[in-house]
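The opening position of the sequence shown corresponds to residue 4 in the numbering used here, with each subsequent residue numbered one higher. No residue lacks a Cβ here, since even glycine has one placed at the ideal position from N, Cα and C. Accompanying notes for the structure given below.
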Amino acid sequence: MLGHTTRSLFHVREYAMSSIINAVHTAVSGLNAQSHAFTDLSNNIANSQTTGYKASTTSFEDYVTNNELANDGESLSDSVSATTRQHTDNQGMVTTSTNSTALAISGNGFFNVVQATGQSNDSTPVLGTQQYYTRNGDFSQDKNGYLVNTSGYYLEGYNVDATSGTLGTSLSAIQVPSTIAFRPTESTKLTATGTLDSSTAAGATLSPSMSTTAYDSTGAASTVDLSWTKVDDTTWTISNVNDPSNAATVKFDSSTGAVSSVTPLNSTGTSGTTSSSTSFEYTGSPQDMTVSLSGITQGTSTDATAPTMTSDSVTSGTFSGISMETDGSVMATFDNGYSQLVAKIPLTTFADPNSLSAQNGQAYTATSQSGSPQINAVNTNGAGTLTTGSIEESTTDLTGDLSKLIVAQQAYGANTKVVSTADQLLQTTLAMIQ
């Protein structure tokens, strides 16, 4: 009888010890899970003032090991694990910054950025090929004119070719050096001045022609040549040297010598409707323009001066800084009051931005779960908008996270209580049959 009782006590002790040890394992997993939560919360709190930071949350998951009893409804959860969940799609508050080149995104999208991998001999950065994405738009110019955010990432966009003035189609780091040249503005009007010699023989053409340099919208130069041919005492023909069909008859007042009318000539050389205007409509390269003839007169040989022509293009300016536009345009400003496009900033979106891989400095890289990057112009195809001179604040909720910190602390303490209680139970169980 005593032996049977002893064996029963051994069975009780074995079962009790197994259950208690299982409880210890469960409590330890709880300690690990709460430590994980504490790490996430402390990271959020530490980055409460970090521009573009996206606060994370902790998700808990239970594990069932006695799953063979599940059909009987007796399976028990005897472990827990914690994982960090990103919320990169949460919108941070947009606030005004003293930095005029700062940009804040509202809505979907990330800035395209790269990191420097070293420095060249002339101290310019050597940029890496790894593509990063960030919401930290606190950009400013470094000594080389590159736009760099506070985490050291270089902003990428579509740069304007300095020679052709056209916008590129591939991403590259945006650089606006202080030596950037001003591109002449597009010519829209030409002005002719001078006095034609009334003693010129009929049918004679003045030589040289009236010439000037005009510019297209990209700043590319073209030469415009116009010639004057005497018709009679008060009439001349003005024509495009490169396209003689582009011509007009110009009549002068016999008393004052001023232009009295301009009559366009058609392709056959016959006059159209007489115009009271004093302008000739030039057609050709670099674009169609109006030529003002109000400064042209007809006079005696002693008064005659060779006719000249000027363009309304502004051809010079000194770089004074850069400005950002809400459509993503980066503009170079000049002391002549003009600004010119030097780059265009796109935004990149993802099907699942919460699956991006987090990197140092509020940056991310694409993953197979995030989907392929989709580069879009600002405010198109689901991409967000930009606010200039502003930054996006951290999404950390200090009040909420401090409350969660208290809960995590209490849960951690409760799990330590389970461990200490289990230790006492083990000691009691071991002493059962001593």
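Inset, instruction - Using the Cα positions of asparagine 384 and serine 32, report the straight-line distance between them to the nearest angstrom. - result: As a working mapping, residue 384 is identified with position 381 in the sequence shown. As a working mapping, residue 32 is identified with position 29 in the sequence shown. Asparagine 384 and serine 32: Cα-Cα distance of roughly 45 Å.
Legend entry - Reference serine 358; option with closest CA among Gly416, Asp400 and Gln89: As a position in the sequence shown, residue 358 is number 355, starting the count at 1. The option with the nearest alpha carbon to serine 358 is Gln89.
Inset, instruction - Spatial neighbours of aspartate 246 within its chain, please: CB distance less than 8 Å, with the 5 preceding and 5 following residues excluded, ordered by chain position. - result: Indexing the sequence shown from 1 puts residue 246 at position 243. Its chain contains Thr286 and Gly287 as the residues whose beta carbon lies nearer than 8 Å to that of aspartate 246, once the 5 sequence neighbours on both sides are disregarded; these appear in chain order.
Inset, instruction - Return the CA-CA distance between valine 83 and threonine 137, expressed in angstroms with no decimal places. - result: Here residue 83 corresponds to residue number 80 of the sequence shown, with the count starting at 1. Here residue 137 corresponds to residue number 134 of the sequence shown, with the count starting at 1. Distance between the alpha carbons of valine 83 and threonine 137: 33 Å.
Legend entry - Cβ-Cβ distance between glycine 171 and asparagine 162 below 8 Å: For the purposes of this step, residue 171 is taken as the residue at position 168 of the sequence shown. For the purposes of this step, residue 162 is taken as the residue at position 159 of the sequence shown. In this structure, glycine 171 places its C-beta atom within 8 Å of the C-beta atom of asparagine 162.
Inset, instruction - Measure the alpha-carbon distance for serine 143 versus alanine 335 and round it to whole angstroms. - result: As a first step, residue 143 must be located in the sequence shown, where it is residue number 140. As a first step, residue 335 must be located in the sequence shown, where it is residue number 332. Take the alpha-carbon of serine 143 and the one of alanine 335: they are about 14 Å apart.
Legend entry - Within the stretch 281-338, ranges of the beta strand (DSSP E) (whole runs, at least 3 residues): Counting only runs of 3 or more, we get 282-285, 292-302, 308-314, 322-327 and 332-337.
Legend entry - glycine 197 and threonine 351 closer than 8 Å at C-beta: As a working mapping, residue 197 is identified with position 194 in the sequence shown. As a working mapping, residue 351 is identified with position 348 in the sequence shown. Their beta carbons are not under 8 Å apart, which means glycine 197 does not touch threonine 351 by this criterion.
Inset, instruction - Please name the residue or residues paired with phenylalanine 114 in a DSSP beta bridge. - result: Position 111 of the sequence shown, counted from the first residue, corresponds to residue 114. DSSP output for phenylalanine 114 lists Thr137 as bridge partner(s).
Inset, instruction - To the nearest angstrom, report how far apart methionine 4 and alanine 30 are at their CA atoms. - result: Sequence index remark: in the sequence shown, residue 4 carries index 1 (1-based). Sequence index remark: in the sequence shown, residue 30 carries index 27 (1-based). Its pLDDT being 47, under 50, methionine 4 is placed unreliably in this model, and the coordinates cannot settle the point.
Inset, instruction - Thinking serine 282 and valine 265 are a contact (beta carbons under 8 Å), I'd like their distance in whole angstroms, please. - result: For this step, residue 282 is matched to residue 279 along the sequence shown. For this step, residue 265 is matched to residue 262 along the sequence shown. The distance from the Cβ of serine 282 to that of valine 265 is about 6 Å, consistent with a contact at the 8 Å cut-off.
Legend entry - Straight-line gap, threonine 98 to serine 62 (C-alpha atoms, nearest Å): On the sequence shown, residue 98 is found 95 positions in, with the first residue counted as 1. On the sequence shown, residue 62 is found 59 positions in, with the first residue counted as 1. Roughly 30 Å between the two C-alpha positions.
Legend entry - Given proline 211 as reference, the closest of Thr232, Lys254 and Lys192 once Cα atoms are compared: The residue given as residue 211 occupies position 208 in the sequence shown. Of Thr232, Lys254 and Lys192, the residue nearest in Cα terms is Thr232.
Legend entry - Which listed residue (Ser59, Phe41 and Gln37) has its alpha carbon closest to that of threonine 398: As a first step, residue 398 is located in the sequence shown; it is residue number 395 there, counting from the start. Nearest C-alpha to threonine 398: Ser59.
Inset, instruction - Check the DSSP bridge columns for lysine 347 and list the partner residues they point to. - result: Along the sequence shown, read from residue 1 onward, the residue named residue 347 stands at position 344. DSSP output for lysine 347 lists Tyr161 and Ser332 as bridge partner(s).
Legend entry - Endpoints, beta strand (DSSP E) assigned at alanine 107: As a position in the sequence shown, residue 107 is number 104, starting the count at 1. Note, alanine 107: beta strand (DSSP E), 106-109.
Legend entry - Cβ-based neighbour list, aspartate 164, same chain, cut-off 7 Å, excluding 5 preceding and 5 following: Counted from its first residue, the sequence shown places residue 164 at position 161. Only Gly171 meet the Cβ criterion.
Inset, instruction - Would you list the residues sitting across from threonine 238 in a DSSP beta bridge? - result: Here the question's residue 238 lines up with position 235 in the sequence shown. In DSSP, threonine 238 forms a bridge with Asp235 and Lys254.
Legend entry - Beta-carbon proximity list for tyrosine 341, same chain, < 8 Å, skipping 5 on both sides: As a working note, residue 341 is residue 338 in the sequence shown. If you ignore the 5 residues before and after tyrosine 341, its C-beta comes within less than 8 Å of the C-beta of Phe185, Thr188, Val317 and Gly320, all in its own chain and listed in chain order.
Legend entry - C-alpha distance - serine 263 paired with alanine 204, whole-angstrom precision: Taking the first residue of the sequence shown as position 1, residue 263 is located at position 260. Taking the first residue of the sequence shown as position 1, residue 204 is located at position 201. Roughly 21 Å between the two C-alpha positions.
Legend entry - Residues near glutamine 37 in its chain [Cβ-Cβ closer than 6 Å; skip 5 each side]: Along the sequence shown, read from residue 1 onward, the residue named residue 37 stands at position 34. Cβ neighbours of glutamine 37 within its own chain (closer than 6 Å, five residues either side excluded): Ala411, Ala414 and Tyr415.
Legend entry - Rounded C-alpha distance that separates threonine 240 from glutamate 284: For the purposes of this step, residue 240 is taken as the residue at position 237 of the sequence shown. For the purposes of this step, residue 284 is taken as the residue at position 281 of the sequence shown. Roughly 13 Å between the two C-alpha positions.
Legend entry - Simplified DSSP state of glutamine 37, which is helix, strand or coil: As a working mapping, residue 37 is identified with position 34 in the sequence shown. For glutamine 37, the secondary structure class from DSSP, reduced to helix, strand or coil, is helix.
Inset, instruction - Look up isoleucine 378 in the DSSP assignment and give the residues it is bridged to. - result: Residue mapping note: residue 378 aligns to position 375 of the sequence shown, counting from 1. Answer by DSSP bridge pairing, in chain order: Thr351.
Inset, instruction - Specify whether the stretch 99-106 and the stretch 370-379 touch according to this definition: at least 3 beta carbon pairs, one from each stretch, less than 8 Å apart. - result: Too few Cβ pairs lie closer than 8 Å, so no.
Legend entry - Where the beta strand (DSSP E) through alanine 195 begins and ends: Here residue 195 refers to the residue found at position 192 of the sequence shown. Looking at the DSSP string, the run of the beta strand (DSSP E) that includes alanine 195 is 192-200.
Legend entry - CA-to-CA distance, asparagine 243 to threonine 194, given in whole angstroms: Here residue 194 is taken as the residue at index 191 of the sequence shown, counted from 1. Here residue 243 is taken as the residue at index 240 of the sequence shown, counted from 1. Pairing threonine 194 with asparagine 243, the inter-Cα distance amounts to about 15 Å.
Legend entry - Range of the contiguous beta strand (DSSP E) that encloses aspartate 65: Counting from 1 along the sequence shown, the entry for residue 65 is found at position 62. DSSP places aspartate 65 inside the beta strand (DSSP E), whose first and last residues are 60-67.
Legend entry - Residue burial classification, lysine 420 (beta-carbon count within 10 angstroms, cutoff 16): Mapped onto the sequence shown, residue 420 falls at position 417. A residue is called buried when at least 16 other Cβ atoms come within 10 angstroms of its Cβ; lysine 420 does not meet this threshold and is exposed.
Legend entry - Residue environment, glutamate 159, which counts as buried when at least 16 other CB atoms sit within 10 Å: Looking up residue 159 in the sequence shown gives position 156. It is buried - the Cβ of glutamate 159 has at least 16 other Cβ atoms within 10 Å.
Legend entry - Bounding residues of the beta strand (DSSP E) (the contiguous stretch that carries serine 173): By one-based count along the sequence shown, residue 173 stands at place 170. Under the DSSP assignment, serine 173 falls outside any beta strand (DSSP E); it carries neither an H nor an E label.
Legend entry - Identity of the residue in Thr390, Ser202 and Ser375 nearest glycine 110 by Cα: Working through the sequence shown from its first residue, we reach residue 110 at position 107. With distances taken between Cα atoms, glycine 110 lies closest to Thr390.
Inset, instruction - Since I believe threonine 208 is in contact with valine 227 (beta carbons under 8 Å), could you give me their beta-carbon distance rounded to a whole number of angstroms? - result: Start at 1 with the first residue of the sequence shown, and residue 227 comes out as number 224. Start at 1 with the first residue of the sequence shown, and residue 208 comes out as number 205. That pair is no contact at about 17 Å.
Inset, instruction - Output the distance between the C-alpha atoms of leucine 106 and leucine 150, rounded to the nearest integer angstrom. - result: Residue numbering aside, residue 106 sits at position 103 when the sequence shown is read from its first letter. Residue numbering aside, residue 150 sits at position 147 when the sequence shown is read from its first letter. Rounded to whole angstroms, leucine 106 to leucine 150 spans 11 Å at the Cα level.
Inset, instruction - Please say whether tyrosine 135 and tyrosine 367 have beta carbons closer to each other than 8 Å? - result: Here residue 367 corresponds to residue number 364 of the sequence shown, with the count starting at 1. Here residue 135 corresponds to residue number 132 of the sequence shown, with the count starting at 1. In this structure, tyrosine 135 lies closer than 8 Å to tyrosine 367 by Cβ.
Legend entry - Buried versus exposed, by CB contacts within 10 Å (16 or more), glutamine 52: For the purposes of this step, residue 52 is identified with residue 49 of the sequence shown, where counting begins at 1. Exposed, since its Cβ has fewer than 16 Cβ neighbours within 10 Å.
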